[in-house]
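Okay, structure first, notes after.
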Amino acid sequence: MNTLRTLLLIALAGLFFNTGYAQGWERVYHGFNSGNPNDGWAVVSILPLPDGTFMLLLDSSHDPDPDTIKLATIDENGILLSEKALLFNEEATPMDLTATSDGGYALITTRKLIKLDAQLAPQFEQDLQMLDPGKSFWCQRVVESNAGLCVVGRKTNPTAGQGFIACYDLNGNLLQFNDWGLPVAMNVGSACVTPDGGVLAVGQGYDGATFNAQGIVATRFNADGSNVVWEKIIYDQGISRTASSVVPAPGGGYLIAGSRVSRAYALKIDEQGDMLWERDYWDQPGLEEALYNIRSLSPLPGGTGYWSVFSYADNQSGAQPLLAKMDLSGDIQFHWRKNENLDFSAETGLQALADGGCVFGGSISEFVTSLTRGTPFLARFDSLGNTFLTGIAGTAKGDLDGDCIAEVDSLLEGIVILAVSNGQYAGSANIGSQGTYFIPLDTGNYQVTILSPGGPLWSFCPDTLSAAVLAQDTTFDIDFTGFYNVQPIDSIYGYVFEDYDGDCIKDDFEPGYPNWQVSVALFHMGTFVFEATTDSNGYFIIPSPAGITNEFHGFISLAPPPNDGLDCAVTCQQSYDVMFGDSATFQALFGVHCDSLAPYPLVETSIATNALRPCTHSFVHASYCNNGAVTAENAELIITVDPALEVVNSNVPWSGVNGNEYRYELGDLLPEACGDIVLTVNTSCSDPVGTTYCFEAHGLPDTIPQNISQNWDGSQVVVSADCVSDSVVFTIHNAGLSDMSQILEYIVIEDNVLLMQAPGLFQLAADDEIKIRFPATGAFYRLEAQQSAGFPGLSKPVAWVEGCNSGNGTPSLGFVNLYPLPDNEPWLDIFCLESVNSYDPNDKNGFPRGYSAARFIEENTDIEYLIRFQNTGTAPALEV
1341 MNTLRTLLLI ALAGLFFNTG YAQGWERVYH GFNSGNPNDG WAVVSILPLP DGTFMLLLDS
1401 SHDPDPDTIK LATIDENGIL LSEKALLFNE EATPMDLTAT SDGGYALITT RKLIKLDAQL
1461 APQFEQDLQM LDPGKSFWCQ RVVESNAGLC VVGRKTNPTA GQGFIACYDL NGNLLQFNDW
1521 GLPVAMNVGS ACVTPDGGVL AVGQGYDGAT FNAQGIVATR FNADGSNVVW EKIIYDQGIS
1581 RTASSVVPAP GGGYLIAGSR VSRAYALKID EQGDMLWERD YWDQPGLEEA LYNIRSLSPL
1641 PGGTGYWSVF SYADNQSGAQ PLLAKMDLSG DIQFHWRKNE NLDFSAETGL QALADGGCVF
1701 GGSISEFVTS LTRGTPFLAR FDSLGNTFLT GIAGTAKGDL DGDCIAEVDS LLEGIVILAV
1761 SNGQYAGSAN IGSQGTYFIP LDTGNYQVTI LSPGGPLWSF CPDTLSAAVL AQDTTFDIDF
1821 TGFYNVQPID SIYGYVFEDY DGDCIKDDFE PGYPNWQVSV ALFHMGTFVF EATTDSNGYF
1881 IIPSPAGITN EFHGFISLAP PPNDGLDCAV TCQQSYDVMF GDSATFQALF GVHCDSLAPY
1941 PLVETSIATN ALRPCTHSFV HASYCNNGAV TAENAELIIT VDPALEVVNS NVPWSGVNGN
2001 EYRYELGDLL PEACGDIVLT VNTSCSDPVG TTYCFEAHGL PDTIPQNISQ NWDGSQVVVS
2061 ADCVSDSVVF TIHNAGLSDM SQILEYIVIE DNVLLMQAPG LFQLAADDEI KIRFPATGAF
2121 YRLEAQQSAG FPGLSKPVAW VEGCNSGNGT PSLGFVNLYP LPDNEPWLDI FCLESVNSYD
2181 PNDKNGFPRG YSAARFIEEN TDIEYLIRFQ NTGTAPALEV
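So for the sequence shown, this note's numbering puts the first residue at 1341; every next one is plus one.
Put into structure tokens, the structure is as follows:
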């Protein structure tokens, strides 16, 4: 178990711009960030303290502090009083914070429970991973029941997930550990304490049989989590639901919040879990954007309603939070949102207050300061949703003729006005349809800047003004005027050249490449495409493109001439984003490095699929290219499909089938000619989830001219593996024309352990073979053998068996991809993948994965990556 170390840092109130006064406020806490522009912090949880102050739980979302969590205290006006860093010896992501009945605190990370005393000194630390070491834990919420501290969350193995509850007493002794929820793809949203001191946990998942969409599950436990009082599942066929938050409802029962079919959704249940009402939030008065989720709830202490945080889709900034106050029926009374130039973190803190207001926080990204990091943000609202009652107001209007006199109001609608104090962000607003704006601000002195919406095309008279805000007052007449400078484009030009020195600048000694095709796509009120070809010096130009002004933007791409006998890689930019700004020209310099193609046919192949799911069709993509300078005559591609899979069809008819080998006659492949073949396969319903399936793509011709080493004895070691009755049988065969001149070695691996005390030995005559047998226990076996010195090949002889089981033992799955596959020859590619029931649609996997817990991979081993991405949002993903 890793030991928690602590470091106490007392911070001054001057870490942000100035102090506040009663009622509402907004605070940006720059003092948490280091000088590293990649360092960032976010408010995860807000805990009110008996003396009127607040404790904040903060997460470091980026390096260099992935192992650091901070606790901070602020006074009622948001003034930072102190902060404390909790340092771990591993990456730690904080999830929740609660006060405990003994005057201390408890917080959870994704896998640990940490108990602190009143002075924030650690009392104990429990690693929940140790409760079930074969699973990965994700703790979601910690609450104190009548029995002690109960943690709810999700635990997963590579193929499944389920909810868990783990309860400890205040001394760290485990009281109970139980599973709960739905059996397939279970995700846990939240939990709360019930009136009798028990625990109610909510989440969503599938039952694997009855319904085809996510359903909400609500499970009520007794105080120590040992018994389920009741469990309710809310679902409809084809209608997906999620549960993000649950709180006790004033007057009894509970309010659950989340989403239904990508719409914000609330559900009221009684004390027995029976539904009282449900509703979703889509078209809300005063909101143009759709609300697609409710992240969190906090009931008002007076029992009159709830504060809530919604997610809404913004076309410019993506997912944004919206703070709303709801009555007991779930109707939105009023709402508040931050301006579009600010981006909140996924985690947000929310706490209703006794005065009817609330404190709300998260993280913002201040684009104007060119920082990629997040900065903690907090706002306190009164019962009517107000923060500051003072601020800066003015107009921002358009100038049509460049004389700095405004002629129109609506030209600048939506542009951001930003207020900065002492170099730190203070507030912002968007210009309205009538050209007006208001920024709520504390008292103080500010620099107010209008942000250019389109780069150098806009000019302002001027773009920054000074202003002072007095107590209980608004400073008016901070006005801006802007005009738009449009001019025609004279030319787009550049070079394609051999960049010898790697500086991406065309020097006189660097030759250009002729006959490269340059394509320019420009966008503004339509799409325009222009093309040019490089001359003998690699120079291209598109002079005076018709109808194009500096309002246009787009990109430049290029393609080499066909059959030039060169293999070229762009060493600088693959393409150029075109932004003219205030210039009438645009230059693009494409530095490349070219080598001659191999002076013989070279059919290179690749094969992969993105996922394999039981009882489901998958697409297997095989590609081939002749990367030689000579035509590959009578070329062929042989695709071998795992015999456990059913081939349904192919986008290109195969020329012949031999068992599970599918042969495609490609004809004569010209140099640099390429193609793709897509096979549709069906995965068995009966194989266990996690079974590994393999594919092979073999291009012909598969020989290359080379000088044979005089040391080679003419032997060729080939290995194979079979599952025969009660045995795993490996065969080592000398398929060469000559006897082996020396003794060679082989090793056998069982799962991820070397099975043998010393390597096995073999020496075979031509066409001779030996067999090595092991009991069929369901374990994974892999045999690796040596080739004779000087053998004219690249791959090591390897064979393996997975799931060969003569009894009823559990098969060892997931080991194939821990080790390299024998496909180093350019014309051969092997791809293996485990089946899954569900998977993250946005992930990256490297092959081989590496063996043992440390993921060891031998040196000089190529790593191939499978990158999967999917737009899981409700709007198109642009410029992927």
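Each residue gets a CB set at the ideal place from its N, CA and C atoms; glycine is no exception.
At the level of alpha carbons, what is the spacing between residue i and residue j?
i, j, result
"Tyr2205", "Ala1948", "10 Å"
"Trp2140", "Phe2155", "10 Å"
"Ser1936", "Ala2194", "40 Å"
"Ser1799", "Asp1739", "10 Å"
"Gly1503", "Asn2145", "31 Å"
"Cys1801", "Val1748", "15 Å"
"Gln1463", "Asp1442", "12 Å"
"Pro1390", "Tyr1786", "35 Å"
"Asn2200", "Gln1691", "54 Å"
"Asp2230", "Tyr2121", "Not covered by the structure: residue 2230. The range shown for the chain is 1341 to 2220."
"Ile2203", "Ile2197", "9 Å"
"Val1568", "Gly1543", "15 Å"
"Glu2085", "Gly1852", "52 Å"
"Leu1427", "Ile1454", "12 Å"
"Glu1629", "Leu1515", "46 Å"
"Phe1863", "Leu1929", "21 Å"
"Lys1452", "Leu2153", "28 Å"
"Leu2161", "Val1528", "38 Å"
"Gly1763", "Cys1698", "28 Å"
"Leu1985", "Gly2054", "37 Å"
Relative to the C-alpha of residue i, which candidate in the options has its C-alpha closest?
i, options, result
"Ala1500", "Ala1425, Pro2028, Ala2105", "Pro2028"
"Val1788", "Ile1818, Thr1814, Gly1772, Asp1813", "Ile1818"
"Phe1895", "Thr1874, Gly1921, Pro1883, Ser1859", "Ser1859"
"Arg1494", "Ala1531, Gly2147, Glu1416, Cys2025", "Ala1531"
"Asn1497", "Ile1409, Ser2175, Lys1475", "Lys1475"
"Ser1923", "Phe1892, Asn1903, Cys1908", "Phe1892"
"Ser2178", "Leu1387, Phe1674, Ala1553", "Ala1553"
"Gly1689", "Leu2168, Trp1478, Ser1703, Trp1676", "Ser1703"
"Val1524", "Gly1701, Pro2188, Tyr1546", "Tyr1546"
"Glu2124", "Pro2099, Pro2132, Leu2134, Thr2117", "Pro2099"
"Ile1771", "Ala1872, Ala1583, Ala1736", "Ala1736"
"Asp2079", "Asn2157, Gln2127, Phe2114", "Gln2127"
"Leu2095", "Ile2083, Leu2010, Ile2112", "Ile2112"
"Pro2041", "Ser2049, Asp2008, Asp2062, Phe2114", "Asp2008"
"Thr1814", "Leu1952, Gly1613, Gln2082, Ala1733", "Ala1733"
"Thr2043", "Glu1571, Val1826, Val1987, Leu2168", "Leu2168"
"Val1487", "Gln1469, Arg1481, Cys1507", "The question names Val, but residue 1487 is Ala in the sequence shown. For the residues Gln1469, Arg1481, Cys1507, the minimum Cα distance to Ala1487 belongs to Cys1507."
With which residues is residue i paired in a DSSP beta bridge?
i, result
"Ile1507", "Checking the sequence, you will find Cys at residue 1507 rather than Ile. Cys1490, Gln1516, per the DSSP bridge assignment."
"Trp1622", "Paired residues: none, contrary to the question."
"Pro1802", "Answer is none; Pro1802 lacks a bridge partner."
"Trp1676", "Leu1663"
"Val1826", "Note: Val1826 sits in no beta bridge, so no partner."
"Asp1399", "Ala1382, Ile1409"
"Val1981", "Phe2035"
"Tyr2002", "Ile1979, Val1997"
"Gln1691", "Val1699"
With a threshold of 8 Å between beta carbons, is residue i in contact with chain C?
i, result
"Gly1501", "Given the protein chain composition of this structure (a single chain), no chain C is represented."
Following the continuous beta strand (DSSP E) through residue i, name the residue where it begins and the one where it ends.
i, result
"Thr2023", "Unbroken run through Thr2023: none, as it is neither H nor E."
"Arg2189", "Note, Arg2189: premise wrong, no beta strand (DSSP E); not H, not E."
"Gln1787", "1784 to 1790"
"Glu1838", "1831 to 1838"
"Leu1740", "Taken as a continuous stretch (DSSP letters only), Leu1740 belongs to no beta strand (DSSP E), as it is neither H nor E."
"Met1526", "1524 to 1533"
"Pro1434", "1434 to 1439"
"Trp1336", "Outside the shown range of the chain, which is 1341 to 2220, sits residue 1336, and nothing can be said about it."
**Item:** Entirely enclosed beta strand (DSSP E) segments - the region 1589 to 1615, minimum 3 residues
**Value:** 1594 to 1600, 1603 to 1609
**4-residue-minimum alpha helix (DSSP H) runs that sit fully inside the region 2032 to 2104, ordered along the chain** = Runs found: none.
**Request:** Enumerate, from N- to C-terminal direction, the unbroken beta strand (DSSP E) stretches of 3 or more residues contained entirely within the region 1899 to 1979.
**Result:** 1906 to 1910, 1916 to 1919, 1925 to 1936, 1943 to 1949, 1957 to 1966
**3-residue-minimum beta strand (DSSP E) runs that sit fully inside the region 1752 to 1782, ordered along the chain** = 1756 to 1761, 1764 to 1770, 1776 to 1780
**Asked** Where are the beta strand (DSSP E) runs, 3 residues long or more, that stay fully inside the region 1537 to 1593, in chain order?
**Response** 1539 to 1546, 1555 to 1561, 1568 to 1574, 1581 to 1588
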